[in-house]
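The structure appears below as structure tokens.
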Amino acid sequence: MIAPSRCPVQEPFLHFNYDDSSQLHSLAEHIHNTADELPLTSAVPSGSDNLDDLDDRVRDIAGLITHLTTAAAFANRTVRRGRKPDSDTTQLKVTQLTRAVGALGHALADLGEAVGHAGVLHQLAASPRSIQRSEAIESTRALLHSRIDSARGRLNKTGARLHQAADRLTAPPALPRSTSPSVTTPHLRPSPAASRTR
Numbered sequence: 004m005i006a007p008s009r010c011p012v013q014e015p016f017l018h019f020n021y022d023d024s025s026q027l028h029s030l031a032e033h034i035h036n037t038a039d040e041l042p043l044t045s046a047v048p049s050g051s052d053n054l055d056d057l058d059d060r061v062r063d064i065a066g067l068i069t070h071l072t073t074a075a076a077f078a079n080r081t082v083r084r085g086r087k088p089d090s091d092t093t094q095l096k097v098t099q100l101t102r103a104v105g106a107l108g109h110a111l112a113d114l115g116e117a118v119g120h121a122g123v124l125h126q127l128a129a130s131p132r133s134i135q136r137s138e139a140i141e142s143t144r145a146l147l148h149s150r151i152d153s154a155r156g157r158l159n160k161t162g163a164r165l166h167q168a169a170d171r172l173t174a175p176p177a178l179p180r181s182t183s184p185s186v187t188t189p190h191l192r193p194s195p196a197a198s199r200t201r
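Here the working numbering is used: the first residue of the sequence shown is 4, the next is one more, and so on.
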């Protein structure tokens, strides 16, 4: 009987930590909730009325950026100092957290522009009525809605990526391909043919 060969398996998810996975899932849910709490552009009659909602969401996203950056920095320190045996998994976590921070930064920039457009609408609302004023309000409102929708889309994509990354952290390692020689049926030598001579 041939003993199976013992070749090292280098899979990125050979070691995993359910705490890391739970953290990413939790952060993803927070990001999705922030996206859900953004004002719906279809129900927004004016821009100035959104300032309170936008203020809350800006605070939420800024807080998420700070939290994710801190988590990424802490995880990165554990990799550099060799505190965890599953350094490949932790490095994946650092990568996903930093990517999420970048995406959240773009979402925050979108909301910053939305706040600017809301301020323009606030100014236009106090100006005398005219055709030019109506056109300016309509175009500025479209820009405001576009930035809010863009921020919502970025947040939802970021949350989805973190969910996927969390699932990868807890995915079982792929089975290595066997390098042991295949079992073959032994070929029997044919017995010598009987002599045909009488």
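From the three backbone atoms N, C-alpha and C, an ideal C-beta is built for every residue, glycine too.
>> Could you tell me the alpha carbon to alpha carbon distance between Asp22 and Arg164, rounded to whole angstroms?
In response: 18 Å
> By how many angstroms is the C-alpha of Leu158 removed from the C-alpha of Ser149?
Replying inline: 14 Å
> Between Ala114 and Val61, which are expected to be in contact by the criterion C-beta below 8 Å, what is the C-beta distance as a whole number of angstroms?
Replying inline: Per the sequence shown, residue 114 should be read as Leu rather than Ala. That pair is a contact at about 5 Å.
> Nearest to Asp58 by CA position, among Thr161, Arg171 and Ile151, is which residue?
Replying inline: Ile151
> How close, in whole Å, do the beta carbons of Gln99 and Leu27 come, if the pair is a contact with beta carbons under 8 Å?
Replying inline: 7 Å
> How should Arg144 be labelled, buried or exposed, when 16 other C-beta atoms within 10 angstroms of its C-beta is the threshold for buried?
Replying inline: buried
> Taking buried to mean at least 16 other C-beta atoms within 10 Å of its own C-beta, is Asp63 buried or exposed?
Replying inline: buried
> Relative to the C-alpha of Asp56, which residue among Ser25, Asp39 and Lys96 is closest?
Replying inline: Asp39
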